[in-house]
Amino acid sequence: MIDALGQPQCVLIIGGGSDIASALVDKWVDMRCQRVILAGRSFSVMEQVQSQLQSHSSAKVEIVYLDMADHESLAPLTAEVFERFPDIDMAVLAAGQLGDQAVDETDPKRIEQMFDVNATGPAIFLTACASEFKKKGAGTIVVLSSVAGEKVRRSNYVYGASKAATDSLSLAMSEALRGTGVNVLVVRPGFVSTKMTQHLAKAPLATTKEKVAADIIDALAKKKTLIWSPKEMRWVMLAYKHIPRTIARKIPF
Amino acid sequence: MPQLSNTQLFGGWGRSPSSASALLPTDEDPAVKLDALAEFVASAPDGTRLLARGMGRSYGDAANCAGGYVSTHYDFRDIFEFNPTSEELRASSGFSLDEIMRRLIPEGYFVYVTPGTRYVTLGGAIAADIHGKNHHKDGSFINHVESFELITPSSRIEVNRSDPLFWATAGGMGMTGIITAATIRLKKVQTSYIKVTTQKTLNVSETIEMMQRLDDSFTYSVAWMDSLASGNSLGRSVITWGEHASEADLEPKLADNPLSYGPSVKLKAPDIAPSWLLNMASIRAFNEAWYRKAPKNKVSIESIPAYFHPLDAVSDWNRLYGRTGFLQYQFQVPLGQEETLISIIHRFSRNRTPSFLSVLKRFGPSSSGHLSFPQPGWTLALDIPIRTKGLSELLDGIDFQVAEAGGRVYFAKDSRLIPELVPKMYPRLDEWRDVVEKSDPKGIFLSDLGRRLSLRSGEVKKASLVETLGAAIGKGPNL
Ligand SMILES: Cc1cc2nc3c(=O)[nH]c(=O)nc-3n(C[C@H](O)[C@H](O)[C@H](O)COP(=O)(O)OP(=O)(O)OC[C@H]3O[C@@H](n4cnc5c(N)ncnc54)[C@H](O)[C@@H]3O)c2cc1C
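Keeping their order, the protein sequence lines are chains A and B. Each residue of the first sequence is one higher than the one before, counting from 1 in this note's numbering. Each residue of the second sequence is one higher than the one before, counting from 1001 in this note's numbering.
Okay, here's the thing in C-alpha cells:
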C-alpha cells in the first residue's frame, strides 16, 4: 500500500532498463519498497538492473516479459502480472524509443515502430493498468513523458508527436480516474543526461536522472498530477508554446 | 449476499492516503441486516475483504479497505439502552461519543474516556482502544467496556473480558471483525463543567517535572506544547489539569442548570484552502500568540467541549491543510525515557517542523489489549503538513529512536510507519496474530493499514534494510 508520503511498497516498472526508472527504484528500495517487478523486452538489461538493485537492498526483484510493440499480448500480460503480484501499488511507464529524425523521415517502418512503442503500446498498457488498479481501489501510475510531448518541435516531430499522444492520454486518464483511488502522475523531464541522449549535445536546464527521481518522489508525496523536472522547464515551455511562430522559427531546434 | 452498492473514495482525517471501497447497503431492517452481514462474512469467497468504519477520525488508512467492502457507522444505530442502576450503557457501535454525551450528560453521566474529538464512534473507540486526558488515572477506553458483540467469519457472538478475542479487538483496529454493539460503564458527574488549572511552563524540562509531580493530584492532565520553540524555550508548554466541577464550584448563573450541555459547531472550514495556507510562518505565529496569551497560572471553570474538544468548534478543520493534507505523528516512550523524549522534541524543533500545538500527555498502566497503544510513559502528538521538507527522513529517523527506547507509534494516527519496526514496537504482535488467525483464517478483515504494515503476515523481516536505514539516518544531519 502507498503511504501518506506517496511511497510505494511494490512497484511495476515498464522499461526496466530506463535510467530514470532505475534511479527511482534505487531510491524506493531504500524507503518502503519491498518488491520490484521489472517488465520489458531485454532480459540482459533487466538482469543488470536486478543485480545492481540487489547489491544494496534486500527487496525482491522480479523480471517479466512485456513488449510495448506487441499490442495483442499487452493487455492479457498486464492482467497476468497483476494477478501474480497482487500487491503492486505503483506502476511506472518508462519504456520509450528516442528517434533520429533524419532517418525517421526516410523510413515509414521506423515511424510506425515509434508510434507502436511510444503511443499505441502505452495507450493499451495504461488502460489495462488503470483497470487493474481500479479493481484494487488504489494505485498510482507514473508516466514518464517528455517536454517534447508538450510541444512538438520541428527538429524531432515524429518522436515528439508519439510522446504527445501518451502525454495527453495520461492527463485525460488522470481526470477520468478521479474518485476511483487511482492516481496518475505525468512527468515531463527536460534534457536528461542518460544513455538515450549521451550522443547529443547538452541542452540548457539539463538535469540528471537522480534529480528527476527526487522530483518524482516529492511530487508523489504532494499528490501532484503533472510535473516538469527541473521545474523551471515549465516556464520555458510555457513561453515556448506562446511565442509567435515566426519567432519560434528562429530558435534553432 | 449484499450488493456492491456504490464505490466510494475513503480517506482518513489527514486526507491521505485514500482508496476506494464498495459501500455495504444500509437500507434494510437493522436486525435482518446484521444477520445478513454475518451470513455474508461467513460465506465470503476467498480474497474478499471487509472492514467496519466509524466516523473516519483515524488520521491515516486504518479505516480504509481498498478494493473491498466497507460498512459504515450508519449500519449500527438501533440499540441505545441506559441502565442507571448499573450505570451501564448498551449501545450500537455506530453511536458517536457526541450522541452519547448529548443524551446522557443532562442525566448526570459522562463517558470515562474521551479523545480530543467527540466525533468518534463506540466501535472506533474500542477498535483503537483510545485514551483521554485521564489515562494516568483511568486507563484506556477498554477498561470501561464490559462486553461487545462481534461478527467474525465463524460467528456473531458476545465477547467478554475473559475471551482473548476481547483483547485482540481492543487496539486491533477493526481487524478482528465487526463490533455491532457494546456495553460500557459510565461515570456519574454532578455538573457538566470542568475546574481547570492552567500552568504555563518555560521549557520541556519544567513541563516534565511539573507533570510528574502534579498529575497524580488531578483526574485530567495534558500539555499543549510549542514544538517550534528552541534554545532555552524548547518545549515550552501550557499544562491544563482538570477535575469535574461540583455544584459548589459553579457561579450562581451556571449552578442554575449544572448539567446543561449543548455544544455547537461555530465555524466550517472551506474546502478550497490552498495547501500553503498552513505553513511554517503561520504556524509559528499561531503557536507564539497562543503561548503568550495563556495565563501564567490560573484556575477557571470550563465547559466539557471547551476543555476536551476545542477543535470540534470548527467543523472539517482538516481541510485547512489543503489538498495535500497532513499527518499526525503520535508516539510514546516508556517512563525513564525522558531523555529520548527531549531529544525527539529537539529534533522536531531543529528541523523546524511546523506543528500546531503539539500535545504531550503522561500515560498510566496499559490495558491488556495486544495492540493497545498506551503504556506507562509519555506520549507526544504532532500535526504536520505533508508538504514539510524532509518529513519522510525525519520521521523515519524518529521511528528508530522510538523503537530503540521501547516505545511505539499509534496505529490510529499512523499513515507512514516503517513496517519492519512494528514487531519491535508491539512485542505482543505474534500473540495477536495467533488469535486473529484462528478467528479469521482467510484474512477478510484486513485494512489498508494492516496491509501496509503487514500486520497479519510475518514476512517483513528485512533486517539489512532496517540496519542500513537506521545507520544512514543515525548519521544524518537531522539527528
Ligand atoms: C481531532 C482528533 C483528536 C483525537 N484525539 C485522540 C485522543 O486524544 N486519543 C485517542 O486515543 N485518539 C484520538 N483521536 C483518534 C480517534 O479517537 C481514533 O482514531 C478513533 O478510532 C476514531 O473513531 P472513528 O469512529 O472515527 O473510527 P474510524 O477512524 O472510522 O476507524 C478507526 C478504526 O476503528 C475500526 N472500527 C470502526 N468501527 C468499528 C466497528 N464497528 N467494529 C470494528 N472496528 C471498527 C476501523 O476499522 C478502524 O480500524 C483523535 C482524532 C482526531 C481527529
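We put the CB at the ideal spot given by N, CA and C, even for glycine.
Please confirm whether residue i has its beta-carbon closer than 8 Å to some beta-carbon of chain A.
i	result
B:Pro-1310	no
B:Asp-1430	no
B:Asp-1271	no
B:Ile-1398	no
B:Ile-1142	no
B:Arg-1347	no
B:Ser-1019	yes
B:Leu-1009	yes
B:Gly-1060	yes
Would residue i be called buried (16 or more neighbouring beta carbons within 10 Å of its own) or exposed?
i	result
B:Ala-1168	buried
A:Arg-84	exposed
A:Lys-209	buried
A:Pro-76	exposed
B:Arg-1015	buried
A:Val-103	exposed
B:Asp-1061	buried
A:Gly-149	buried
B:His-1370	buried
B:His-1074	Per the sequence shown, the amino acid found at residue 1074 of chain B is Tyr instead of His. Classification for B:Tyr-1074: exposed.
A:Thr-246	exposed
A:Asp-19	buried
A:Ile-243	exposed
B:Leu-1278	buried
B:Trp-1276	exposed
B:Asn-1134	buried
B:Asp-1448	buried
Please check if any C-beta of chain B sits within less than 8 Å of the C-beta of residue i.
i	result
A:Ala-165	no
A:Met-1	yes
A:Gln-9	yes
A:Lys-211	no
A:Lys-135	yes
A:Ala-221	yes
A:Ala-138	yes
Go to residue i, then tell me how far its alpha helix (DSSP H) extends in each direction, as first and last residue.
i	result
B:Pro-1164	1164 to 1169
A:Met-129	Note on identity: in this sequence residue 129 of chain A is Cys, with Met being the wrong assignment. That run of the alpha helix (DSSP H) goes 121 to 136.
B:Arg-1433	1429 to 1439
A:Ser-254	As shown, chain A starts at 1 and ends at 253. That puts residue 254 of chain A outside it, with no answer to give.
A:His-71	71 to 84
B:Thr-1340	1338 to 1350
B:Tyr-1291	1280 to 1293
Less than 6 Å between C-beta atoms, sequence neighbours within five positions excluded: which residues of the same chain meet that for residue i?
i	result
A:Gly-139	Asp-89, Phe-133, Val-182
B:Gly-1124	Gly-1054
B:Ser-1092	Phe-1076, Arg-1077, Asp-1078, Ile-1079, Ala-1181
B:Trp-1013	Arg-1057, Tyr-1059, Asn-1318
A:Ala-203	Phe-191
A:Thr-166	Ala-119, Pro-122
B:Pro-1164	Val-1435
A:Ala-4	none
B:Lys-1424	Ala-1403
B:Ala-1044	Ile-1444
B:Trp-1432	Ala-1168, His-1370, Leu-1371
B:Tyr-1321	Leu-1278, Pro-1385
B:Gly-1476	Interpretation of B:Gly-1476 is limited by its pLDDT of 39, a score under 50 that renders its predicted location unreliable; the figure taken from the coordinates is listed afterwards. Nothing meets the Cβ criterion.
Starting from residue i, trace the beta strand (DSSP E) both ways and give me its first and last residue.
i	result
B:Tyr-1410	Looking at the DSSP string, B:Tyr-1410 is not in any beta strand (DSSP E), and its letter there is neither H nor E.
A:Val-36	35 to 40
A:Met-90	90 to 93
B:Pro-1334	1326 to 1334
B:Asp-1383	1377 to 1385
Leaving out five residues on either side along the sequence, give the residues of the same chain with a beta carbon under 8 Å from the beta carbon of residue i.
i	result
A:Leu-74	Leu-66, Asp-67, Met-68, Gly-121, Ile-124, Phe-125, Ala-128
B:Thr-1007	Ala-1020, Ser-1021, Ala-1022, Leu-1023
A:Lys-231	Asp-215
B:Ser-1154	Ala-1042, Ser-1439
Go through its chain and collect everything with a Cβ distance to residue i's Cβ below 7 Å, but skip five positions before and after it.
i	result
B:Phe-1286	Phe-1356
B:Leu-1234	Asn-1203, Val-1204, Ile-1345, His-1346, Ser-1349
B:Leu-1395	Tyr-1329, Arg-1416
B:Gly-1139	Gly-1364, Pro-1365, Ser-1367
Inset, instruction - Jot down the residue ranges of each uninterrupted beta strand (DSSP E) in the region 1066 to 1141 of chain B, minimum 3 residues, whole runs only, in chain order. - result: 1069 to 1071, 1080 to 1083, 1088 to 1092, 1109 to 1111
Inset, instruction - Entirely within the region 141 to 219 of chain A and at least 3 residues each: give me those beta strand (DSSP E) ranges in chain order. - result: 182 to 189
Inset, instruction - Can you check the region 1185 to 1220 of chain B for any alpha helix (DSSP H) of at least 4 residues that lies completely inside it and give the ranges in chain order? - result: 1204 to 1214
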